[in-house]
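Numbering (the working numbering), first residue to last: 212 to 426.
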(Lines of atoms letter the chains of each structure in order from A and count residues from 1; the text may use other names and numbers.)
(Lines give C-alpha, C1' and ligand atoms only; values in the text may rest on other atoms or scores of the structure.)
Protein backbone atom coordinates (compact mmCIF):
# COMPACT_ATOMS: atom_id res chain seq x y z
CA UNK A 1 0.00 0.00 0.00
CA UNK A 2 1.28 3.45 -0.96
CA UNK A 3 0.08 6.92 -0.10
CA UNK A 4 0.24 9.99 -2.29
CA UNK A 5 1.35 12.06 0.70
CA UNK A 6 0.76 12.51 4.43
CA UNK A 7 -2.53 14.32 3.80
CA UNK A 8 -3.99 11.35 1.95
CA UNK A 9 -2.77 9.01 4.69
CA UNK A 10 -4.57 11.12 7.31
CA UNK A 11 -7.82 11.17 5.38
CA UNK A 12 -7.73 7.39 4.93
CA UNK A 13 -7.01 6.88 8.62
CA UNK A 14 -9.91 9.09 9.71
CA UNK A 15 -12.37 6.79 7.96
CA UNK A 16 -11.33 4.07 10.43
CA UNK A 17 -11.81 6.32 13.44
CA UNK A 18 -15.38 7.55 13.00
CA UNK A 19 -16.40 6.35 16.47
CA UNK A 20 -14.35 9.25 17.87
CA UNK A 21 -16.02 11.95 15.76
CA UNK A 22 -16.97 14.95 17.94
CA UNK A 23 -16.17 12.97 21.10
CA UNK A 24 -16.10 15.62 23.87
CA UNK A 25 -13.05 14.34 25.77
CA UNK A 26 -10.93 13.42 22.73
CA UNK A 27 -7.90 15.28 21.33
CA UNK A 28 -5.62 14.46 18.40
CA UNK A 29 -1.88 14.72 19.10
CA UNK A 30 0.51 14.59 16.17
CA UNK A 31 4.13 13.55 16.66
CA UNK A 32 6.35 16.32 15.34
CA UNK A 33 7.10 16.81 12.70
CA UNK A 34 5.64 14.56 9.99
CA UNK A 35 2.95 13.13 12.21
CA UNK A 36 1.33 16.56 12.59
CA UNK A 37 0.38 16.67 8.90
CA UNK A 38 -1.34 13.29 9.18
CA UNK A 39 -2.93 14.29 12.49
CA UNK A 40 -4.32 17.52 11.05
CA UNK A 41 -6.37 15.59 8.49
CA UNK A 42 -7.61 13.20 11.19
CA UNK A 43 -8.60 16.05 13.50
CA UNK A 44 -10.33 17.96 10.70
CA UNK A 45 -12.38 14.97 9.56
CA UNK A 46 -13.35 14.01 13.11
CA UNK A 47 -14.06 17.59 14.29
CA UNK A 48 -11.54 17.27 17.14
CA UNK A 49 -8.92 19.64 18.57
CA UNK A 50 -5.34 19.21 17.39
CA UNK A 51 -2.03 19.68 19.13
CA UNK A 52 1.54 18.51 18.80
CA UNK A 53 3.81 16.23 20.79
CA UNK A 54 7.49 17.11 20.62
CA UNK A 55 9.61 13.99 20.90
CA UNK A 56 13.17 13.52 19.72
CA UNK A 57 14.68 10.46 18.15
CA UNK A 58 18.13 9.20 19.14
CA UNK A 59 19.70 8.01 15.90
CA UNK A 60 22.36 5.35 15.46
CA UNK A 61 25.92 6.44 14.65
CA UNK A 62 26.19 6.70 10.87
CA UNK A 63 22.49 5.86 10.45
CA UNK A 64 20.58 8.88 11.85
CA UNK A 65 17.23 7.64 10.52
CA UNK A 66 17.53 4.43 12.54
CA UNK A 67 16.16 5.09 16.01
CA UNK A 68 18.01 3.44 18.87
CA UNK A 69 15.90 5.37 21.35
CA UNK A 70 13.62 8.35 21.86
CA UNK A 71 12.98 11.21 24.27
CA UNK A 72 9.39 12.04 25.21
CA UNK A 73 8.13 15.58 25.67
CA UNK A 74 8.40 15.25 29.46
CA UNK A 75 12.05 14.18 29.19
CA UNK A 76 11.31 10.46 29.61
CA UNK A 77 13.84 8.44 27.62
CA UNK A 78 13.47 5.01 26.08
CA UNK A 79 16.58 3.25 24.82
CA UNK A 80 16.52 0.09 22.74
CA UNK A 81 19.32 -1.88 24.37
CA UNK A 82 19.75 -4.14 21.33
CA UNK A 83 20.01 -1.19 18.95
CA UNK A 84 22.27 0.69 21.36
CA UNK A 85 24.66 -2.26 21.26
CA UNK A 86 25.25 -1.78 17.51
CA UNK A 87 28.88 -1.13 16.53
CA UNK A 88 29.72 2.53 17.04
CA UNK A 89 26.86 3.28 19.43
CA UNK A 90 29.18 4.07 22.30
CA UNK A 91 27.86 5.45 25.60
CA UNK A 92 29.70 8.74 24.93
CA UNK A 93 28.01 9.06 21.53
CA UNK A 94 24.57 8.35 22.99
CA UNK A 95 25.13 10.87 25.78
CA UNK A 96 26.11 13.54 23.24
CA UNK A 97 23.07 12.75 21.11
CA UNK A 98 20.71 12.99 24.09
CA UNK A 99 22.13 16.38 25.11
CA UNK A 100 21.86 17.71 21.55
CA UNK A 101 18.33 16.40 20.96
CA UNK A 102 17.02 17.73 24.28
CA UNK A 103 18.16 21.22 23.30
CA UNK A 104 16.37 20.96 19.94
CA UNK A 105 13.32 19.66 21.79
CA UNK A 106 13.27 22.66 24.14
CA UNK A 107 13.46 25.07 21.20
CA UNK A 108 10.63 23.37 19.32
CA UNK A 109 8.44 23.16 22.42
CA UNK A 110 8.81 26.87 23.01
CA UNK A 111 7.94 27.60 19.38
CA UNK A 112 4.92 25.30 19.06
CA UNK A 113 3.37 26.03 22.44
CA UNK A 114 3.19 29.73 21.62
CA UNK A 115 0.95 28.84 18.68
CA UNK A 116 -1.04 26.13 20.48
CA UNK A 117 -0.87 25.92 24.29
CA UNK A 118 -1.55 22.46 25.66
CA UNK A 119 -3.53 22.15 28.87
CA UNK A 120 -3.98 19.17 31.16
CA UNK A 121 -4.62 15.85 29.42
CA UNK A 122 -5.94 14.10 32.51
CA UNK A 123 -9.11 12.15 31.70
CA UNK A 124 -8.75 12.72 27.95
CA UNK A 125 -8.94 10.22 25.11
CA UNK A 126 -5.73 10.68 23.12
CA UNK A 127 -5.50 9.93 19.41
CA UNK A 128 -1.71 9.75 19.04
CA UNK A 129 -0.70 10.03 15.38
CA UNK A 130 2.57 9.48 13.52
CA UNK A 131 3.35 9.28 9.79
CA UNK A 132 4.97 5.86 10.08
CA UNK A 133 6.48 3.46 12.60
CA UNK A 134 9.79 1.72 11.94
CA UNK A 135 11.10 0.72 15.39
CA UNK A 136 8.24 2.02 17.54
CA UNK A 137 10.60 3.89 19.87
CA UNK A 138 8.99 7.32 19.56
CA UNK A 139 5.40 6.13 19.91
CA UNK A 140 6.26 3.87 22.83
CA UNK A 141 8.00 6.59 24.83
CA UNK A 142 5.06 8.96 24.28
CA UNK A 143 2.54 6.31 25.35
CA UNK A 144 4.52 5.86 28.55
CA UNK A 145 4.62 9.62 29.07
CA UNK A 146 0.87 9.99 28.51
CA UNK A 147 0.11 7.25 31.05
CA UNK A 148 1.81 9.35 33.70
CA UNK A 149 -0.55 12.20 32.84
CA UNK A 150 -3.55 10.02 33.77
CA UNK A 151 -5.23 10.09 30.38
CA UNK A 152 -8.35 7.97 29.99
CA UNK A 153 -7.44 6.17 26.77
CA UNK A 154 -4.61 6.10 24.23
CA UNK A 155 -5.25 5.24 20.58
CA UNK A 156 -2.00 4.77 18.64
CA UNK A 157 -2.44 5.64 14.96
CA UNK A 158 -0.15 5.32 11.94
CA UNK A 159 -0.63 4.80 8.20
CA UNK A 160 2.18 2.24 8.02
CA UNK A 161 4.35 0.26 10.42
CA UNK A 162 6.66 -2.70 10.64
CA UNK A 163 4.89 -5.76 12.03
CA UNK A 164 7.43 -6.17 14.84
CA UNK A 165 7.14 -2.56 15.99
CA UNK A 166 3.35 -2.52 15.79
CA UNK A 167 3.07 -5.57 18.00
CA UNK A 168 4.93 -3.61 20.69
CA UNK A 169 2.62 -0.63 20.20
CA UNK A 170 -0.51 -2.79 20.46
CA UNK A 171 0.74 -4.22 23.74
CA UNK A 172 1.07 -0.76 25.30
CA UNK A 173 -1.73 1.35 23.79
CA UNK A 174 -5.42 0.82 24.55
CA UNK A 175 -6.18 0.67 20.83
CA UNK A 176 -3.98 0.65 17.73
CA UNK A 177 -5.02 1.59 14.19
CA UNK A 178 -2.68 1.01 11.25
CA UNK A 179 -3.56 0.73 7.57
CA UNK A 180 -0.51 -1.14 6.33
CA UNK A 181 1.70 -3.59 8.23
CA UNK A 182 4.90 -4.81 6.59
CA UNK A 183 7.30 -7.55 7.59
CA UNK A 184 10.13 -6.45 5.32
CA UNK A 185 10.11 -2.80 6.29
CA UNK A 186 12.34 -0.68 4.05
CA UNK A 187 11.69 2.69 5.64
CA UNK A 188 8.73 5.01 6.05
CA UNK A 189 9.49 7.11 2.97
CA UNK A 190 9.13 4.08 0.68
CA UNK A 191 5.36 4.09 1.33
CA UNK A 192 4.84 7.66 0.15
CA UNK A 193 5.03 9.21 -3.32
CA UNK A 194 5.69 12.56 -1.65
CA UNK A 195 7.58 12.44 1.66
CA UNK A 196 8.80 16.03 1.71
CA UNK A 197 10.39 17.11 4.96
CA UNK A 198 7.97 19.00 7.19
CA UNK A 199 9.26 22.38 8.36
CA UNK A 200 8.34 24.30 11.50
CA UNK A 201 6.41 26.88 9.47
CA UNK A 202 4.03 24.21 8.21
CA UNK A 203 3.39 22.86 11.69
CA UNK A 204 2.68 26.33 13.05
CA UNK A 205 0.30 26.98 10.15
CA UNK A 206 -1.58 23.72 10.73
CA UNK A 207 -1.86 24.32 14.48
CA UNK A 208 -3.26 27.81 13.96
CA UNK A 209 -5.63 26.63 11.26
CA UNK A 210 -6.87 23.76 13.44
CA UNK A 211 -7.54 26.09 16.37
CA UNK A 212 -9.61 28.36 14.12
CA UNK A 213 -11.54 25.46 12.53
CA UNK A 214 -12.28 23.71 15.82
CA UNK A 215 -13.75 26.89 17.30
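Even for Gly, the Cβ is constructed at its ideal location relative to N, Cα and C.
These numbers were taken from a predicted model, which means no experiment stands behind them.
Exercise. Rounded to a whole number of angstroms, what is the C-alpha to C-alpha distance between residue 393 and residue 381?
Worked result: Start at 1 with the first residue of the chain shown, and residue 393 comes out as number 182. Start at 1 with the first residue of the chain shown, and residue 381 comes out as number 170. For residue 393 and residue 381, the distance between alpha carbons rounds to 15 Å.
For this session: List the whole-angstrom C-beta distance separating residue 388 from residue 366, where the pair is believed to meet the contact cut-off of C-beta under 8 Å.
Result: Reading the chain shown from its first residue, position 177 is the one you call residue 388. Reading the chain shown from its first residue, position 155 is the one you call residue 366. Rounded, the Cβ-Cβ distance is 7 Å, consistent with contact.
Problem set entry | Whether residue 252 touches residue 265 by CB criterion (8 Å) | By one-based count along the chain shown, residue 252 stands at place 41. By one-based count along the chain shown, residue 265 stands at place 54. No. Outside cutoff.
Exercise. For the 8 Å Cβ check, are there 3 or more pairs between the stretch 306-315 and the stretch 333-347?
Worked result: no
Problem set entry | Beta-carbon contacts of residue 236 that lie in its chain and below 8 Å, excluding the five residues immediately before and after | As a first step, residue 236 must be located in the chain shown, where it is residue number 25. Closer than 8 Å at the Cβ level, and outside the excluded window around residue 236, lie 334, 335, 336 and 363.
Exercise. Which ranges does the beta strand (DSSP E) cover as unbroken runs of at least 3 residues, wholly within the stretch 235-316, from first to last along the chain?
Worked result: 237-242, 261-264, 267-271, 274-282 and 288-290
Exercise. Where DSSP assigns a beta bridge to residue 379, which residues make up the other side?
Worked result: Taking the chain shown and counting its residues from 1, one reaches residue 379 at position 168. Answer is none; residue 379 lacks a bridge partner.
Exercise. Taking Cβ positions, are residue 281 and residue 352 nearer each other than 8 Å?
Worked result: By one-based count along the chain shown, residue 281 stands at place 70. By one-based count along the chain shown, residue 352 stands at place 141. A contact, by the Cβ cut-off of 8 Å.
Exercise. Can the beta-carbon of residue 214 be found less than 8 Å from the beta-carbon of residue 425?
Worked result: Numbered from 1 along the chain shown, position 3 holds the residue referred to as residue 214. Numbered from 1 along the chain shown, position 214 holds the residue referred to as residue 425. Not in contact: residue 214 and residue 425 (Cβ atoms no closer than 8 Å).
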